[in-house]
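Protein chains in written order, with this note's numbering: chain A, 17 to 118; chain B, 10 to 168; chain C, 4 to 686.
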Amino acid sequence: MEAIGLFHVLTLSGILFSLGVVGVLTRKNILIVFMSVELMLNAVNLSFVAFARETGQADGHLFSAIVMAVAAAEAAVGLALVILLYRNRLTVHLDELDIMKG
Amino acid sequence: MLLGVGVVTMRNPISSALSLVGTFFCLAGIYAMLGAHFVAVIQVLVYAGAIMVLFIFVIMLLQLRDEEDYSWSEYGPRIIGGMVVSILLCGALVVALSGANQDYGPVGAEFGTIKQIGYLLFGNPESGAIGKYLLPFEAVSALLTVGVVGAVVLGKRKL
Amino acid sequence: MTASNLALIPALPLLGAVINAIGNRRFSRKVAGTIATVAVGLAALMSFATLFSLLGHHEGEHNEIAFTLYTWISVGSFSADIGFLADPLSATMMCVITGVGFLIHMYSIGYMDDSADEQSVWRFFAYLNLFIFSMLLLVMGDNLLLMFVGWEGVGACSYLLIGFWFSDTANAVAGKKAFVVNRVGDFCFVLAMFWLFWALGDHGTLSFHGIQEALAAHPGLVGGVGGFAVTGIALLFFGGATGKSAQIPLYVWLPDAMAGPTPVSALIHAATMVTAGIYMICRLNFLFVMAPIAMGTVAVIGALTAFVAATIALTQHDIKKVLAYSTVSQLGYMMLAAGLGAWSAALFHVITHAFFKALMFLGAGSIIHALHHEQDMRKMGGLRKFMPITFITFTAAYLAIIGFPGLSGFFSKDEILWLAWSTPPEFIGASWPLTKLLWGIGFITAGLTAFYMSRLYFMTFFGEYRGGHDDHADESAHSDGEHAHHGHHGDPHESGLLITIPLMVLGVASVVGGYLNLPHWMGAASGKLHHFLEPVTGASEHVLHDIAEAAHLHYPAHGGLEFPIMGITLGFVVVAVLIAWRFYGKSGGSAPDLGKLRSGSYNKWYVDEFYEGVLVKPIGRLARCVLHAIVDVKIIDGIVNGAASSARGLSAWYSRSVQIGQVQGYALAIAVGTTLLVLIYAM
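Shown next as structure tokens:
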């Protein structure tokens with residue numbers, strides 16, 4: 017099997033990230049957009065770990081763990097907001113949530 | 010990667026979520042391969058275990074149906090635009106990173122273990138180093154607290 | 004008198020003006036006036052100190068005190084400093100300005116006692132101080148630029164002071180006219196400055212010493228003697244002088260300027276500002292001497308102005324207008340002298356004229372003040388009984404101006420007339436006896452001067468009092484005590500000390516001022532001023548001397564027809580006085596009506612109306628219809644409004660199309676931006 021190098025892992029990370037971008041820009045449903053954001057975060061985590069392996073320092077792992085913690089907090093608050101939004105607007109379709117226009 | 014595609018394209022939100030879970034498990038495996046044992050375990054525990062559970066809860070709570078058909082006339086431009094952008098982005102990243110190593114060298118046996126993380130966080134008494142990431146660690150715990158409180162407050166029907 | 008103290012001389016009046024401006028309404032007439040007078044008085048003391056230190060200097064080339072305050076402009080190879088130069092010419096002017104100025108300031112404290120002015124009298128004294136400051140800058144500047152600053156400054160102060168009682172629109176209009184007419188002259192001055200600087204090329208400088216040296220070393224730069232450039236430059240400078248010194252064609256502002264308070268007329272329009280043009284020509288003597296045609300122009304216009312102004316003065320009823328036209332006429336004499344290359348004679352007449360004309364204006368002011376602002380001579384008469392001090396001092400001035408032997412005016416005017424007769428016409432670029440003709444004009448004008456001055460003198464002081472009495476004397480409702488008290492108010496009475504002391508001082512000066520420059524036939528005491536000015540004018544006088552030698556003439560000429568000319572001038576004057584006595588000596592007399600001539604003279608030969616029709620109205624129409632309606636409204640406003648409305652449209656478009664409120668739109672923008680960044684990095 018071909019050796020796995022930094023390049024390959026980073027490529028994977030980049031592809032995942034781009035997929036996340038597609039999801040954010042394209043989907044109507046807020047929750048799916050959220051999930052795409054989580055996907056993007058994970059892609060970044062992957063790149064951190066890859067670099068940690070490359071440099072031989074565990075700092076990247078620690079940082080990755082911290083990112084996960086932050087993502088967790090963010091998901092919690094974000095989902096609470098979504099529920100609030102749903103209660104007020106009765107919709108989760110982004111296109112209809114455009115009061116901030118102009 | 011396939012699972013990632015699944016995340017963004019599935020109509021049913023539950024399917025989407027499940028794809029995401031699958032993605033997380035695959036990533037955990039990759040982490041393990043890269044010698045990041047601690048991170049791999051954390052990934053499964055936190056992401057797949059907690060965050061996705063939250064997601065599924067909310068989906069269930071809001072009783073989301075399948076999304077309606079994406080009519081091409083309405084969404085075509087948007088989909089095309091998004092894909093163009095992301096392909097460009099991906100390509101740019103790859104080109105930028107093309108100088109990276111094609112090979113991974115070997116690494117010490119203690120690399121990626123919890124002991125290492127512990128040393129980073131709290132310091133190594135043997136070699137006299139201090140914990141570099143103590144402050145961020147504490148800050149993150151504060152952040153989590155704030156997050157919890159915030160989520161609870163926001164979720165209440167009556168304050 | 005040290006060099007650095009020189010800067011204090013103009014600084015003191017400036018300080019006085021600032022203090023009065025800060026105090027404004029809080030200062031009463033006496034306080035503001037005292038501040039102003041003290042400031043000028045101190046400056047006067049220092050000016051005289053400067054003069055004496057120069058007098059003590061031994062005979063030599065340079066006799067001056069110079070002090071540079073700081074470098075004002077320094078661009079490339081050109082630099083102009085705030086520098087002060089006290090050489091004989093400027094020191095003399097400084098003493099006249101501050102000395103006479105001090106007396107007039109003191110006079111003003113007594114004069115400006117109208118209760119209506121109480122709130123604004125601080126302004127008056129601030130402006131007066133500001134004027135002295137500007138005039139000092141003018142005469143003390145060591146380069147053309149600083150002189151021009153002072154030049155403009157006195158013009159501005161003149162405007163402010165003429166229109167002091169601006170609530171009467173006519174006064175404001177007069178002030179405006181003075182300033183605008185001056186502006187035309189200033190424009191010529193500026194053009195001359197530019198041309199001179201440009202012609203000097205590599206040696207370009209605006210300092211007087213620098214210009215003199217450059218012209219001496221490289222006369223070819225301005226076309227050599229009689230060259231086109233130097234003649235043009237000199238003529239343009241003279242154009243500036245005609246504006247400031249009220250010569251033809253720019254004299255029309257001076258009679259209107261009588262709308263200002265009388266101290267203003269005395270200071271600015273008799274003694275100082277109007278002499279700025281003469282000073283400038285004397286200062287630039289080295290330039291003018293290279294352009295005989297320009298000198299000829301100066302002399303001819305000076306003589307003509309003297310004559311024309313005298314003809315107008317013959318018929319005026321307003322005492323101040325007579326004095327104004329008399330000033331224009333005497334300035335013509337000074338210009339005549341300057342044009343003939345007799346710079347010390349011109350300056351001599353400046354000094355004596357400052358004495359007796361200021362005295363006359365102040366005397367007239369004393370009369371006007373006593374008669375409660377009555378200025379029409381037909382309502383005066385017999386005032387010598389009521390105002391003895393004014394009468395005596397005015398007599399001194401009157402005798403001086405008509406040229407009574409022994410008084411100052413006699414010496415200065417006769418010097419000019421003699422020089423007009425005896426100067427070789429080659430000096431002014433003519434080959435025929437132009438100078439004799441100029442003498443003739445000056446001679447006739449002397450007679451006219453005697454006539455109209457005598458007319459003024461007799462109508463005002465002799466005969467019966469024709470003026471209205473105060474109404475108080477006629478009211479019978481008052482009690483006896485009051486009635487008796489009011490009864491004295493019926494007749495005019497002599498003015499207070501603040502007014503009469505300056506009159507007396509100037510009276511003495513008018514009498515003895517001739518001592519400054521006695522004619523050569525008086526032996527050892529003669530020509531003091533002439534000698535004093537030699538460091539300034541010596542080089543040019545050598546040039547003139549050489550021209551005269553080349554034409555086989557003596558200059559300056561002595562003997563010959565000098566005494567006979569003096570004699571017939573005197574005789575002519577006596578005849579004129581007698582004729583005037585015949586017409587005006589008794590009360591209510593008047594001259595025979597010469598019909599058209601009289602009305603023409605009374606109406607100033609319609610010059611103002613001519614200017615109005617030919618210049619003022621067309622320019623006004625041009626400004627209104629073209630410049631305002633088209634350029635201002637359509638083009639400039641159009642651009643400004645257009646810019647504003649297109650900004651509005653742009654922001655409306657932006658809000659409507661870009662900020663649509665959809666989150667994913669914003670996200671798209673972020674993604675695009677990031678992609679671009681990465682792409683750029685990757686390249």
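Glycine included, every Cβ here is placed at the ideal spot set by N, Cα and C.
### Task
Report all residues from its chain with a CB closer than 6 Å to the CB of residue 230 (chain C); omit the five preceding and five following residues, and keep chain order.
Residue mapping note: residue 230 (chain C) aligns to position 227 of the third sequence, counting from 1. Nothing meets the Cβ criterion.
### Task
Return the residues of the region 86-105 of chain B that lie within a Cβ-Cβ distance of less than 8 Å from chain A, sorted by chain order.
87, 88, 90, 91, 92, 94, 95, 96, 98, 99, 102 and 103
### Message
Pairs of beta-carbons, one from the region 69-78 of chain A and one from the region 38-54 of chain A, closer than 8 Å: are there three or more?
### Response
Because the criterion of three Cβ pairs below 8 Å is not met, the region 69-78 of chain A and the region 38-54 of chain A do not touch.
### Query
In three-state DSSP terms, what is residue 435 (chain C)?
One-based indexing of the third sequence puts residue 435 (chain C) at position 432. Coil, per DSSP.
### Task
Kindly confirm or deny that the region 355-369 of chain C and the region 303-319 of chain C touch, where touching means at least three C-beta pairs closer than 8 Å.
no
### Integer Cβ distance of residue 539 (chain C) from residue 259 (chain C), believed to fall under 8 Å
Within the third sequence, numbered from 1, the residue matching residue 539 (chain C) stands at position 536. Within the third sequence, numbered from 1, the residue matching residue 259 (chain C) stands at position 256. About 34 Å; that fails the 8 Å criterion.
### Task
Could you name the residues of chain A that residue 55 (chain B) contacts, counting a contact when the two beta carbons are closer than 7 Å?
Here residue 55 (chain B) is taken as the residue at index 46 of the second sequence, counted from 1. Under the 7 Å cutoff, chain A gives 84 and 88.
### Task
Please go through the same chain and pick out, in chain order, the residues whose beta-carbon is closer than 6 Å to the beta-carbon of residue 146 (chain C), but skip the five residues on each side of it.
Within the third sequence, the letter at position 143 stands for residue 146 (chain C). Result list for residue 146 (chain C): 83, 209 and 210, in chain order.
#### Entry: Assigned secondary structure, residue 415 (chain C) (DSSP; H/G/I helix, E/B strand, else coil)
Position 412 of the third sequence, counting from 1, holds the residue named residue 415 (chain C). Correct three-state label for residue 415 (chain C): helix.
### Task
Could you run through the region 36-50 of chain B and flag, in chain order, every residue whose CB is less than 8 Å away from some CB of chain A?
36, 39, 40, 42, 43, 44, 45, 47 and 48
### Task
With a threshold of 6 Å, establish whether the CB of residue 12 (chain C) neighbours any heavy atom of the ligand GDP.
Looking at this structure, you won't find the ligand GDP or any other ligand, since it has none at all.
### Task
Using a Cβ-Cβ cut-off of 7 Å, state whether residue 110 (chain A) counts as contacting chain C.
Translated into positions along the first sequence, residue 110 (chain A) becomes position 94. It does: the Cβ of residue 110 (chain A) has a partner Cβ on chain C nearer than 7 Å.
### Query
So is residue 37 (chain A) in contact with chain B if we call contact Cβ pairs under 7 Å?
Indexing the first sequence from 1 puts residue 37 (chain A) at position 21. So yes, residue 37 (chain A) belongs to the interface.
### Query
How would you label residue 660 (chain C), buried or exposed, when you count the other beta carbons within 10 angstroms and need 16 or more for buried?
In the third sequence, the residue the question calls residue 660 (chain C) occupies position 657. By the neighbour-count rule (16 or more Cβ atoms within 10 Å), residue 660 (chain C) is not buried but exposed.
### Query
Would a check of beta-carbon distances place residue 99 (chain A) closer than 7 Å to chain C?
Position 83 of the first sequence holds residue 99 (chain A). It does not; no Cβ of chain C falls within 7 Å.
### Task
Could you tell me which uninterrupted beta strand (DSSP E) segments, each at least 3 residues in length, are contained entirely in the region 69-93 of chain C, listed from first to last along the chain?
With a minimum length of 3 residues, the continuous beta strand (DSSP E) runs that stay inside the region 69-93 of chain C are 81-89.
### Task
With distances taken Cα to Cα, identify the nearest neighbour of residue 273 (chain C) among C:21, C:609, C:326 and C:307.
Position 270 of the third sequence, counted from the first residue, corresponds to residue 273 (chain C). It is C:326 whose Cα lies nearest to the Cα of residue 273 (chain C).
### Query
How about the region 92-109 of chain A and the region 153-164 of chain B: do they share at least three Cβ pairs that are nearer than 8 Å?
Yes, they touch.
### Query
In angstroms, rounded to a whole number, what distance separates the CA positions of residue 355 (chain C) and residue 514 (chain C)?
If you number the third sequence from 1, residue 355 (chain C) lands on position 352. If you number the third sequence from 1, residue 514 (chain C) lands on position 511. The alpha-carbon atoms of residue 355 (chain C) and residue 514 (chain C) are separated by roughly 9 Å.
### Contacts around residue 584 (chain C), its chain only, beta-carbon distance under 8 Å, and the 5 residues preceding and following it disregarded
Counted from its first residue, the third sequence places residue 584 (chain C) at position 581. The answer, listed in chain order, is 457 and 461.
### Query
Tell me the DSSP bridge mates of residue 321 (chain C)?
Taking the third sequence and counting its residues from 1, one reaches residue 321 (chain C) at position 318. According to DSSP, residue 321 (chain C) bridges with C:379.
### chain A contact for residue 684 (chain C) (CB, 7 Å cutoff)
Stepping through the third sequence from its first residue, residue 684 (chain C) is reached at position 681. Chain A, which has no Cβ nearer than 7 Å to the Cβ of residue 684 (chain C), makes this no.
#### Entry: Selected residue, minimal CA-CA separation from residue 323 (chain C), among C:265, C:249 and C:317
Position 320 of the third sequence, counted from the start, is the residue given in the question as residue 323 (chain C). Taking only the C-alpha atoms, the option nearest residue 323 (chain C) is C:265.
### Query
Quick one: is residue 58 (chain A) near chain B, going by C-beta distance under 7 Å?
Residue mapping note: residue 58 (chain A) aligns to position 42 of the first sequence, counting from 1. Cβ-Cβ to chain B under 7 Å: yes for residue 58 (chain A).
#### Entry: Residue closest to residue 257 (chain C), alpha-carbon to alpha-carbon, out of C:436, C:141, C:19 and C:329
Working through the third sequence from its first residue, we reach residue 257 (chain C) at position 254. Cα-wise, what sits closest to residue 257 (chain C) is C:329.
#### Entry: Contacts that residue 105 (chain A) makes with chain B (C-beta to C-beta distance below 7 Å)
Within the first sequence, numbered from 1, the residue matching residue 105 (chain A) stands at position 89. By Cβ distance, chain B contributes nothing, its closest Cβ being about 12 Å from residue 105 (chain A), past 7 Å.
### Query
In terms of alpha-carbon separation, which member of C:107, C:149, C:80 and C:505 lies closest to residue 268 (chain C)?
The residue given as residue 268 (chain C) occupies position 265 in the third sequence. Nearest C-alpha to residue 268 (chain C): C:107.
#### Entry: Cβ distance (whole Å) where residue 127 (chain C) is taken to contact residue 115 (chain C) below 8 Å
Start at 1 with the first residue of the third sequence, and residue 127 (chain C) comes out as number 124. Start at 1 with the first residue of the third sequence, and residue 115 (chain C) comes out as number 112. Indeed, because the Cβ distance is near 6 Å, the residues count as touching under 8 Å.
### Where residue 248 (chain C) sits in the DSSP three-state scheme
Within the third sequence, the letter at position 245 stands for residue 248 (chain C). Correct three-state label for residue 248 (chain C): coil.
### Message
Can you pull out the residues from the region 39-56 of chain A whose beta carbon lies closer than 7 Å to at least one beta carbon of chain C?
### Response
40 and 41
### Close Cβ partners of residue 71 (chain C) (< 6 Å) along its chain, the five nearest in sequence each way excluded
Numbered from its first residue, the third sequence carries residue 71 (chain C) at position 68. Closer than 6 Å at Cβ, skipping near neighbours: 84 and 86.
### Query
Does residue 67 (chain B) have its Cβ less than 7 Å from a Cβ in chain A?
On the second sequence, residue 67 (chain B) is found 58 positions in, with the first residue counted as 1. Yes, residue 67 (chain B) lies at the interface with chain A (some Cβ there is under 7 Å from its Cβ).
### Query
In this structure, what does DSSP give as the bridge partners for residue 1 (chain C)?
Residue 1 (chain C) is absent from the model: chain C starts at 4 and stops at 686.
### Message
Which runs of the alpha helix (DSSP H) at least 4 residues long sit entirely within the region 41-81 of chain B? Give them in chain order.
### Response
46-51 and 61-71
### Message
Considering only the alpha carbon of each residue, which of C:262, C:160, C:123 and C:635 lies closest to residue 171 (chain C)?
### Response
The count along the third sequence starts at 1 and reaches residue 171 (chain C) at position 168. When the alpha-carbon of residue 171 (chain C) is set against those of C:262, C:160, C:123 and C:635, the nearest one is in C:262.
#### Entry: C-alpha distance - residue 615 (chain C) paired with residue 622 (chain C), whole-angstrom precision
Walking along the third sequence from the start, residue 615 (chain C) turns up at place 612. Walking along the third sequence from the start, residue 622 (chain C) turns up at place 619. Near 10 Å, if we compare the C-alpha coordinates of residue 622 (chain C) and residue 615 (chain C).
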